[in-house]
Structures are given as structure tokens and as C-alpha cells.
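J.: In terms of the numbering used here, the numbers along the sequence shown are unbroken and rise by one, the last being 1126.
For each residue, glycine too, the CB sits at the ideal point set by N, CA and C.
Computed from a predicted structure; not experimentally measured.
Let me begin by handing over the structure; questions about it come next.
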Amino acid sequence: MRDCRASVVVLYNHVGDDEYEKMKEVDPSTLDFKPEYDIHVSTVEEEYKAVVKALRKENFRARAYNLKEDIRRLHRLLSRNPPDVIFNLVEYFHDDSKLEAQVAGMYELFRVAYTGASPFALNICQRKGLAKQILLANDVPTPRFKILTEPKIQKRHGLHYPLIVKPAREDASAGVTKDSVVYDYAALKKRLDLVFSEFAPPILVEEFIQGRELHVSVLGNDPPVVLPSIEFDFSNLPSDHPHLISYDVKWNPLDESYHQVHTTCPAKLTKRELKNVEKIAQAAYKTLGCRDYARLDLRLGEHSHVYVLEVNPNPDLTESVSFMESAEEAGISFSQTLGRIVEYALERRVPKSEEPESAPAPVTDSGKSVKQ
Ligand SMILES: Nc1ncnc2c1ncn2[C@@H]1O[C@H](COP(=O)(O)OP(=O)(O)O)[C@@H](O)[C@H]1O
Ligand SMILES: [Mg+2]
């Protein structure tokens, strides 16, 4: 039976201004296009409050806790007053997404149960090139690619145009713009120079799959369940905008392209396509060690061949974004989805009997412990 009174800390890390807070002051009628969607997107604080509220609705004792870029605050929480479960919404530390995994490592070291992926899986998925190599080695299809550590590539590189150039260690469409897709060698070299000047290596050059894009959410562990997919409709983008989710399409309500891409859920797939998508999504989820929940970005290429573009452990759980839209479509409400994720973490709680009763005796230089 569910431990309804379990305590949950919704943990996040946020300092400084919230861009979406400033956007609230923008009057939509001052834009030089007619926005299709609301330009007033939820702020970070509002998102976390919504998660806490939903968990309380599911009868958990939930509260939010902001790390505020101060690891001592995390140390205090974990050592003095650990909750039954940390709902892990920390994506950055010191403004660096590479430290996301290290923060999760702290929960491990303190043996506090937490939601979502392990530090290992978080690290692998952040290295897009490595993740793709692991997928390929396990027969999970992903577009053909090269990993570059400097802005040099031979003319005969063996990949087929069009190609997309994207940073290998970023996420959330950072570095992906309408100019990321190149159709010849001259444009490829130019784009590489630009991306290398703006982002740390490595950089990926990948075959651009011209086809339908699906976001496929997966929930649970034994077995992971594939939720109804979301399909992106790019047909309203102007002709000079390749069919892709650029940074502006994804995040910038003040850019027209944000309002030109629409989604459908569930994606209209034939039985065969659906079976294939589900099989490949599950294989990718397991291969990269995802846990509790994840979102996979897939493309259907020629002959509906499925390609995994990217695996996102701990994806955005904001109400109305891909993951939650898919869960709703499957008949699982926002609060129920969050409740399930907490339950998966509760199953991993270290039983009290296995925890040391008191702190171990200090150890001397000779390695012998000292009686106090
Ligand atoms: N090989 C590719 N073929 C087609 N589109 C791609 C490809 N790689 C990336 N994209 C487009 O760029 C978007 C962002 O790329 P992705 O690999 O998902 O990185 P992230 O979301 O972490 O920035 C995708 O959602 C897709 O629209
Ligand atoms: Mg993506």
C-alpha cells in the first residue's frame, strides 16, 4: 500500500532573474506578429509550486527547497533532516549542467532516495556522442554522425547531406537554430567555425533526418511503459526554416517560430510504426540506464525507419509540456504522474535497519579506528 504520509522535498536550484518573469510585462499587441500561444509562460517558482501542490493532492507531505547554488544547503538538508524522497528537479549547479549528476551523487552518498535517473545515466546522456555510440553498440538506431573536437572535417567525410551541426554537451536545443542544417561542404565548414566559437567541444555533425519528429515519454521501471507520443507539425514554418525544434521554437514566445510549430497527441501512427516506436523507445531507455521517467526524441525517416535523436533522463515535468501531455493522454493526471514517480523512488529507500546506528568511529592515519 502507498506510504501516503511519506515526506517529499521538491529540490531545485535557482538564483537570479527569471526570464519568464520579465516576459510577463510584455504586451502581446506590441509584437510584430499575432501570437498563437500565450506568451506568459510559467516561471520557475510557479512550476515548482505546482509540483508541490500536486504531490500534496496525492497526500504526500511535500515542500519545495531551493539550493540557491549553495551546496551547504544540500548538505544540511541531507544530514540533518532528510525527507523520505527527494524529488530531483536540479538540472544545474554553478550554472553548469555537467554538475547535475554530481548533485544526484550527494543523495546517493547520504543514502537518501530520490526520483529519476542515477548520476551514471545522467552523465552518459549528457554526452550525446557517447550515448549514441552506446545506442549503436546495442542495435538501437540513431542517425549516422561524427564527433569533432576541432573545427576540421574532410570533404569526403562519408556522411550524407543534409547534415545538422550541434553541440554534443548541451541540451534543450541550445546551439540549435534554423541555420544548424547545412546542405554542402562550404556551409558545413562555416557552421562548424561558428559553433566551435560559441560552444565547448565536442561538436556533433549528424545526418539530418527529414521526417516526422516524435517525443516519446516513458514512465516506470518494471517494465517501463511507453506513453502516447507527441508529434510536431512544422508545416507552418517559413520555407527558409528547416523542420526542427530550434531554441526559439522551444523556448522563445517572443519569436514567431514558437507559434508556428504545433503538436498532436497521440501521433497518428500505423500499428507497425507504433510497435516499432515502442520497441525502440524501451530499448533506448534501458540501454542508457534511464529510471522512473524519461523522454526520447525520435524521428521517423524514409520508410518510417525510427531513429533516436536523443534520450532525456529527468525531462521537464511542467504541466502541459511533452511528458505531462503524454501522461494525460494515457489517462494519468499531472498529480498522479508525480505521485507514481515518488512511489518508484520510495521503493529504493534504504531500510532503516541497514543504516548505521551511529556515526562510525574516526579512523587514525594507521587505519585503526579509535574508540571514543
Ligand atoms: N539528426 C537530426 N535529424 C533531424 N533533426 C534533428 C537531428 N538532430 C537534432 N534535430 C533537431 O534538433 C532538435 C534538438 O536536438 P536534440 O538532439 O534533441 O538536442 P537537445 O534537445 O538536447 O538540444 C531536435 O528536437 C530536432 O528537431
Ligand atoms: Mg531534444
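So does the stretch 778–796 actually touch the stretch 848–863, counting three or more Cβ pairs closer than 8 Å?
T.: These segments do not touch.
J.: I'd like the list of long-range same chain contacts for L968, defined as Cβ closer than 6 Å, with 5 residues on each side in sequence excluded.
T.: Start at 1 with the first residue of the sequence shown, and residue 968 comes out as number 214. Counting only Cβ-Cβ distances below 6 Å, and skipping sequence neighbours, we find S983, E985, A1021, L1052.
J.: To which residues of the same chain is V936 closer than 6 Å at the C-beta, ignoring the five residues directly before and after it?
T.: In the sequence shown, the residue the question calls residue 936 occupies position 182. Correct list, in chain order: L917, L942, R945.
J.: Can you tell me whether F953 sits near ligand 1, meaning its C-beta is under 7 Å from at least one heavy atom of the ligand?
T.: Stepping through the sequence shown from its first residue, residue 953 is reached at position 199. F953 Cβ: outside cutoff for every heavy atom of ligand 1.
J.: Taking any heavy atom of ligand 1 as the mark, which residues have a C-beta closer than 5 Å to it, listed down the chain?
T.: My final list is P897, I918, D925, S927, V930, E960, F962, I963, L998, I999, D1051, L1063, E1064.
J.: Which stretch, first to last residue, makes up the beta strand (DSSP E) that contains L876?
T.: For the purposes of this step, residue 876 is taken as residue 122 along the sequence shown, with counting starting at 1. Premise fails: L876 lies in the alpha helix (DSSP H), 873–880, not in any beta strand (DSSP E).
J.: Just to confirm, does N1066 get its C-beta within under 7 Å of one of the non-hydrogen atoms of ligand 2?
T.: What you label residue 1066 is simply residue 312 of the sequence shown in a count that begins at 1. Checking the Cβ of N1066 against ligand 2 gives yes.
J.: Which full runs of the beta strand (DSSP E) of 3+ residues lie inside the stretch 984–1010, going along the chain?
T.: Segments of the beta strand (DSSP E) lying fully in the stretch 984–1010: 984–987.
J.: Classify A760 as helix, strand or coil using the three-state DSSP reduction.
T.: On the sequence shown, position 6 is the one that residue 760 refers to. The answer is coil: DSSP assigns A760 none of H, G, I, E or B.
J.: Please classify F950 as buried or exposed, where buried requires at least 16 other C-beta atoms within 10 Å of its C-beta.
T.: Here residue 950 refers to the residue found at position 196 of the sequence shown. When all chains shown are included, F950 counts as buried.
J.: Helix or strand or just coil, what does DSSP make of T784?
T.: Taking the sequence shown and counting its residues from 1, one reaches residue 784 at position 30. T784: helix per DSSP, three-state reduction.
J.: Could you check the C-alpha separation between V980 and V972 for me, to the nearest Å?
T.: Translated into the one-based positions of the sequence shown, residue 980 becomes position 226. Translated into the one-based positions of the sequence shown, residue 972 becomes position 218. In a straight line, the C-alpha of V980 is about 5 Å away from that of V972.
J.: Consult DSSP for N1030 and reduce its assignment to one of helix, strand or coil.
T.: If you number the sequence shown from 1, residue 1030 lands on position 276. Correct three-state label for N1030: helix.
J.: With C-beta atoms as the reference, is Y802 less than 8 Å away from V763?
T.: Numbered from its first residue, the sequence shown carries residue 802 at position 48. Numbered from its first residue, the sequence shown carries residue 763 at position 9. Going by C-beta atoms, Y802 is not nearer than 8 Å to V763.
J.: If you measure between the beta carbons of L884 and V930, is that distance less than 8 Å?
T.: The sequence position of residue 884 within the sequence shown is 130, counting from 1. The sequence position of residue 930 within the sequence shown is 176, counting from 1. For L884 and V930, no; Cβs fall outside 8 Å.
J.: Does the contact criterion of 3 or more C-beta pairs under 8 Å hold for the stretch 835–844 versus the stretch 1090–1109?
T.: Flag = yes, the stretch 835–844 and the stretch 1090–1109 touch.
J.: Distance check for P789 and Y1047, CA to CA, integer angstroms please.
T.: Position 293 of the sequence shown, counting from 1, holds the residue named residue 1047. Position 35 of the sequence shown, counting from 1, holds the residue named residue 789. Roughly 32 Å separates the two Cα atoms.
J.: Closest to F953 by C-alpha separation, out of P905, E961, D994, K822, would be which residue?
T.: As a first step, residue 953 must be located in the sequence shown, where it is residue number 199. Nearest of P905, E961, D994, K822 to F953, Cα basis: P905.
J.: Classify A867 as buried or exposed, calling it buried when 16 or more other Cβ atoms lie within 10 Å of its own Cβ.
T.: Start at 1 with the first residue of the sequence shown, and residue 867 comes out as number 113. Burial call: buried.
J.: Expressed to the nearest angstrom, what Euclidean distance is found between the alpha-carbon atoms of T1018 and V1003?
T.: Along the sequence shown, read from residue 1 onward, the residue named residue 1018 stands at position 264. Along the sequence shown, read from residue 1 onward, the residue named residue 1003 stands at position 249. In a straight line, the C-alpha of T1018 is about 16 Å away from that of V1003.
J.: Within this structure, are the beta carbons of V919 and V959 separated by less than 8 Å?
T.: Taking the first residue of the sequence shown as position 1, residue 919 is located at position 165. Taking the first residue of the sequence shown as position 1, residue 959 is located at position 205. Yes, the pair counts as a contact, with Cβ atoms nearer than the cut-off.
J.: Does DSSP classify E845 as helix, strand or coil?
T.: On the sequence shown, position 91 is the one that residue 845 refers to. If DSSP states are grouped into helix, strand and coil, E845 belongs with coil.
J.: Could you tell me the distance, in whole angstroms, from the CA atom of P836 to the CA atom of E1056?
T.: In the sequence shown, the residue the question calls residue 836 occupies position 82. In the sequence shown, the residue the question calls residue 1056 occupies position 302. About 51 Å.
J.: Can the beta-carbon of S833 be found closer than 8 Å to that of F787?
T.: The residue labelled residue 833 in the question sits at position 79 within the sequence shown. The residue labelled residue 787 in the question sits at position 33 within the sequence shown. Not in contact: S833 and F787 (Cβ atoms no closer than 8 Å).
J.: Can you tell me whether V769 is buried or exposed? The criterion is at least 16 other CB atoms within 10 Å of its CB, across all chains shown.
T.: Your numbering for residue 769 matches position 15 in the sequence shown. Exposed, because fewer than 16 other Cβ atoms sit within 10 Å of the Cβ of V769.
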